[in-house]
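Protein chains: 2
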Amino acid sequence: MKILIVEDEQKIADFLIEGLSGQEHTVEHAADGQQGAQLALKNKYDIILLDVIIPVMSGVELCKLIKSNTPETPILMLTALGTTEDKLIGFDAGADDYLVKPFEFKELLARIKALTRRAHHHETPKNTLHVSDLILDLDKKLAYRGDKIIELTAKEFSLLEFFMRNKGKVYSRLDIVEKVWDLNFDTGTNIVEVYVNILRKKIDKDFPTKLIHTRVGLGYIMEER
Amino acid sequence: MKILIVEDEQKIADFLIEGLSGQEHTVEHAADGQQGAQLALKNKYDIILLDVIIPVMSGVELCKLIKSNTPETPILMLTALGTTEDKLIGFDAGADDYLVKPFEFKELLARIKALTRRAHHHETPKNTLHVSDLILDLDKKLAYRGDKIIELTAKEFSLLEFFMRNKGKVYSRLDIVEKVWDLNFDTGTNIVEVYVNILRKKIDKDFPTKLIHTRVGLGYIMEER
DNA sequence: TTTGATATTACTATTCCCGTAAATTTAATT
DNA sequence: AATTAAATTTACGGGAATAGTAATATCAAA
Numbered sequence: 391m392k393i394l395i396v397e398d399e400q401k402i403a404d405f406l407i408e409g410l411s412g413q414e415h416t417v418e419h420a421a422d423g424q425q426g427a428q429l430a431l432k433n434k435y436d437i438i439l440l441d442v443i444i445p446v447m448s449g450v451e452l453c454k455l456i457k458s459n460t461p462e463t464p465i466l467m468l469t470a471l472g473t474t475e476d477k478l479i480g481f482d483a484g485a486d487d488y489l490v491k492p493f494e495f496k497e498l499l500a501r502i503k504a505l506t507r508r509a510h511h512h513e514t515p516k517n518t519l520h521v522s523d524l525i526l527d528l529d530k531k532l533a534y535r536g537d538k539i540i541e542l543t544a545k546e547f548s549l550l551e552f553f554m555r556n557k558g559k560v561y562s563r564l565d566i567v568e569k570v571w572d573l574n575f576d577t578g579t580n581i582v583e584v585y586v587n588i589l590r591k592k593i594d595k596d597f598p599t600k601l602i603h604t605r606v607g608l609g610y611i612m613e614e615r
Numbered sequence: 391m392k393i394l395i396v397e398d399e400q401k402i403a404d405f406l407i408e409g410l411s412g413q414e415h416t417v418e419h420a421a422d423g424q425q426g427a428q429l430a431l432k433n434k435y436d437i438i439l440l441d442v443i444i445p446v447m448s449g450v451e452l453c454k455l456i457k458s459n460t461p462e463t464p465i466l467m468l469t470a471l472g473t474t475e476d477k478l479i480g481f482d483a484g485a486d487d488y489l490v491k492p493f494e495f496k497e498l499l500a501r502i503k504a505l506t507r508r509a510h511h512h513e514t515p516k517n518t519l520h521v522s523d524l525i526l527d528l529d530k531k532l533a534y535r536g537d538k539i540i541e542l543t544a545k546e547f548s549l550l551e552f553f554m555r556n557k558g559k560v561y562s563r564l565d566i567v568e569k570v571w572d573l574n575f576d577t578g579t580n581i582v583e584v585y586v587n588i589l590r591k592k593i594d595k596d597f598p599t600k601l602i603h604t605r606v607g608l609g610y611i612m613e614e615r
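Taken in sequence, the protein lines are chains C and R. Position one of the first sequence corresponds to residue 391 (the working numbering), numbered consecutively onward. Position one of the second sequence corresponds to residue 391 (the working numbering), numbered consecutively onward.
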């Protein structure tokens with residue numbers, strides 16, 4: 391893992407670098423906010439350890455800066471300021487965890503692990519959309535629900551993808567025809583109804599919780615119900 | 391947000407439920423590990439607050455169980471056991487954060503926010519109108535008041551949206567018929583009265599503070615009164 | 001060219017919404 | 001209090017919106 395430490399006190403920095411380098415981590419070090427910002431914005435780290443009181447730019451400001459650029463990078467604030475007020479300022483700036491000095495090194499390790507575990511877990515390796523227990527594989531162009539594998543034609547796929555990307559919102563037939571069929575005027579067609587019907591047979595018919603719902607006079611909405 | 395609290399001490403549980411229910415959170419409570427497991431495995435929560443020392447099944451065991459099923463659900467351990475050893479056991483079981491009692495409620499809130507922030511990052515921001523405690527969801531085309539979910543037809547929705555966007559102003563029936571029904575001349579219709587009546591039944595009838603008010607000879611106005 | 005698969009249109013039965021009209025209640029005015 | 005106007009409420013018929021199916025057109029592959 392790649393770790394960035396922003397810490398001005400050389401002794402503490404050395405202690406951290408020493409301790410972390412041991413366990414298959416690559417550690418980089420910045421001694422002030424300026425340096426920290428440069429490194430953090432240029433490189434991608436698995437986690438950033440941030441001292442609050444550092445020269446040039448405060449840890450809180452740096453935290454905001456990093457979170458506005460790469461919000462997914464976990465930030466662990468590491469500081470002697472231990473009041474609840476201080477912690478709130480840190481969390482408000484976007485910090486993911488806040489550890490008060492002095493701390494036991496083992497606890498730091500555990501918290502780093504917990505934070506990176508979540509971050510890594512969240513990366514979706516597969517190219518899929520999920521709504522309830524319905525899964526759409528964008529690569530294979532297949533849908534799955536329960537233990538059923540659902541084959542889709544091109545138009546069926548487009549419509550289902552549209553619904554899944556816009557779950558929880560009502561769309562009128564006109565909206566749908568525009569976005570999925572690229573027709574920019576009302577042709578008096580009923581393709582949407584027909585395809586909704588086909589999709590329902592495929593993804594809803596055999597299951598108790600329905601995903602495609604009609605809102606009379608308004609349109610269709612996808613949601614678990 | 392949907393929160394599960396697993397805590398056997400009723401006083402602490404009440405304190406947490408009280409504090410969290412305030413800020414648009416739905417809170418459920420389990421008094422022992424068994425109950426906690428049932429709820430956690432059956433439902434999907436945005437975060438689970440877990441006491442370590444609870445009857446039947448320990449918090450650590452429960453944590454492992456939950457993480458083996460739904461690893462993406464964040465778990466915040468909440469306990470009086472404050473040694474580093476205890477924390478390590480918690481983190482090893484898969485906890486995402488560990489807070490030692492006693493703590494300030496604000497810090498708990500901040501940590502809950504930090505843990506759920508990442509998961510909620512992808513959710514689209516809510517598109518809603520508010521008047522008093524009445525909420526109109528423009529995406530779902532639904533209204534909410536108290537804990538009631540109010541379904542609306544197309545015309546009901548249009549009229550309610552008109553009232554909510556123009557709260558605090560009196561509009562004559564003619565104004566309303568023009569803006570909501572697109573009728574540009576007086577047809578002697580009483581649609582407005584009829585639909586106001588329908589809306590009142592849906593959004594005002596069961597609540598002490600009314601939102602739609604009649605100004606005799608002038609028209610209608612929406613405001614909290 | 002033929003065949004099968006997919007896309008689109010046409011049509012019918014059904015459901016549900018909308019707006020009218022009439023009855024009832026409430027408010028304003030003399 | 002009586003009268004009149006305004007507002008509320010209910011009931012109902014017409015008609016639009018929708019589901020579902022069948023028929024036709026289009027496209028792709030062999």
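Virtual Cβ for every residue (Gly too), placed ideally from N, Cα, C.
Could you check the C-alpha separation between residue i and residue j for me, to the nearest Å?
i: E494(R); j: P445(C); result: 30 Å
i: T619(C); j: M447(C); result: Missing from the structure shown is residue 619(C); chain C here goes from 391 to 615 and no further.
i: V396(R); j: F405(R); result: 13 Å
i: T543(R); j: L532(R); result: 9 Å
i: E568(C); j: N574(C); result: 5 Å
i: A500(C); j: F597(R); result: 50 Å
i: I602(C); j: M467(R); result: 38 Å
i: E418(C); j: L394(C); result: 5 Å
i: Q424(R); j: L452(R); result: 8 Å
i: I540(R); j: I593(R); result: 8 Å
i: K496(C); j: S411(R); result: 35 Å
i: G637(C); j: Y610(C); result: In the structure displayed, chain C extends from 391 to 615; residue 637(C) sits before or after that span and is not available.
i: V586(R); j: A430(R); result: 43 Å
i: K538(R); j: K595(R); result: 12 Å
i: T518(C); j: G536(C); result: 16 Å
i: M554(R); j: L564(C); result: 26 Å
i: V521(R); j: K454(C); result: 33 Å
i: I456(C); j: R508(C); result: 18 Å
i: L526(R); j: N556(R); result: 13 Å
i: A427(C); j: Q413(C); result: 25 Å
i: T474(C); j: M391(C); result: 31 Å
i: A403(R); j: Y534(R); result: 28 Å
i: L439(C); j: I465(C); result: 6 Å
Kindly say whether residue i, judged by its beta-carbon, lies nearer than 7 Å to any beta-carbon of chain R.
i: R508(C); result: yes
i: V560(C); result: yes
i: L573(C); result: no
i: E497(C); result: yes
i: D398(C); result: no
i: A427(C); result: no
i: L608(C); result: yes
i: D565(C); result: no
Shortest alpha-carbon distance to residue i belongs to which of the options?
i: D441(C); options: Q413(C), H415(C), E399(C) and I502(C); result: E399(C)
i: D523(R); options: G607(R), E614(R) and L608(R); result: E614(R)
i: Y435(R); options: I611(R), F405(R) and L505(R); result: L505(R)
i: S562(R); options: E583(R), K496(R) and K401(R); result: E583(R)
i: D476(R); options: V450(R), E497(R), E546(R) and L499(R); result: V450(R)
i: K491(C); options: G484(C), A485(C), D482(C) and G472(C); result: G472(C)
i: I443(C); options: A421(C), L394(C) and N517(C); result: A421(C)
i: K503(R); options: I479(C), T518(C), N580(C) and F547(C); result: I479(C)
i: E546(R); options: I437(R), T604(R), T577(R) and R590(R); result: R590(R)
i: I581(C); options: M554(C), L549(C) and V560(C); result: L549(C)
i: H415(R); options: I437(R), G426(R) and K432(R); result: I437(R)
i: K530(R); options: K454(C), I407(C) and T604(C); result: T604(C)
i: V606(R); options: T474(R), Q428(R), V560(R) and I465(R); result: V560(R)
i: L351(R); options: G578(R), D572(R), V570(R) and I566(R); result: What is shown of chain R runs 391 to 615, which leaves residue 351(R) out entirely.
Return no unless some Cβ of chain C is closer than 7 Å to the Cβ of residue i.
i: A430(R); result: no
i: E494(R); result: yes
i: E568(R); result: no
i: D537(R); result: no
i: A500(R); result: yes
i: A504(R); result: yes
i: D486(R); result: yes
For this session: Give, in chain order, every residue of the region 588-606 of chain C whose Cβ lies closer than 9 Å to some Cβ of chain R.
Result: Answer set for the region 588-606 of chain C: R605 and V606.
Exercise. Just by C-beta distance, which residues in the region 467-482 of chain R are closer than 7 Å to chain C?
Worked result: Sequence-ordered contacts of the region 467-482 of chain R with chain C read T474, K477, L478 and F481 [C-beta pairs closer than 7 Å].
Problem set entry | Residues, ordered as in the chain, of the region 518-546 of chain R that lie near chain C by beta-carbon distance below 7 Å | Residues passing the 7 Å Cβ filter: D529, K530, K531, T543 and A544.
For this session: Please determine if the region 480-491 of chain C and the region 457-465 of chain R are in contact, where contact requires at least 3 C-beta pairs separated by less than 8 Å.
Result: Three or more Cβ pairs closer than 8 Å define a contact, and the region 480-491 of chain C falls short of that threshold against the region 457-465 of chain R.
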